[in-house]
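If you use numbering that gives the first Met the number 0, the sequence shown corresponds to residues 0 to 115, in order. This report concerns only the one structure given below.
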Amino acid sequence: MVTGDDVRRIVSDLPRAYEALVRDRAKFRVGRIVFLSLSPDETVMGFGYPKEEREALVAGEPEKFMMPIPSDMRYQWVRVRLSAIDYEELRELIVDSWRMCVPKKVWTEYLEKNPS
């Protein structure tokens with residue numbers, strides 16, 4: 000099982016990403032764009048994900064993924080239960096979400112330094 004500390008460890012390696020506390024929730028941003036958030040108890044992580052693909056993601060693995068809360072349905076957003084994923088899957092979800100928010104140049108430089 001992964002934790003909020005694992006989330007922070009991964010985010011700390013991402014250029015331009017930072018953490019902010021907003022109404023008892025850890026939110027992770029690039030500039031003013033939130034690409035990731037943790038529930039107050041840090042058991043659920045919301046993350047940026049293409050709207051047109053999220054229903055398939057949730058339907059394919061409902062034990063892991065959940066649709067966003069109704070007020071977040073308009074955003075490119077989905078949620079995951081941290082207890083249902085491992086560290087590598089967490090890292091992939093975070094990096095993909097962050098990638099949606101940074102300029103291509105930042106992503107390319109990151110990829111050159113972190114091939115995987």
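Glycine included, every Cβ here is placed at the ideal spot set by N, Cα and C.
- Rounded to the nearest whole angstrom, the CA to CA distance from Asp12 to Ser70 is 30 Å.
- Contact between Val10 and Glu18 holds: CB atoms are separated by about 7 Å, below the 8 Å threshold.
- Excluding residues up to 5 positions away in sequence, Phe34, Gln75, Ser96, Met99 lie with their Cβ nearer than 6 Å to the Cβ of Gly47 in the same chain.
- In the structure shown, Arg15 falls within a coil segment according to DSSP collapsed to helix, strand and coil.
- Burial state of Arg53 is buried, judged by a 10 Å Cβ sphere holding 16 or more other Cβ atoms.
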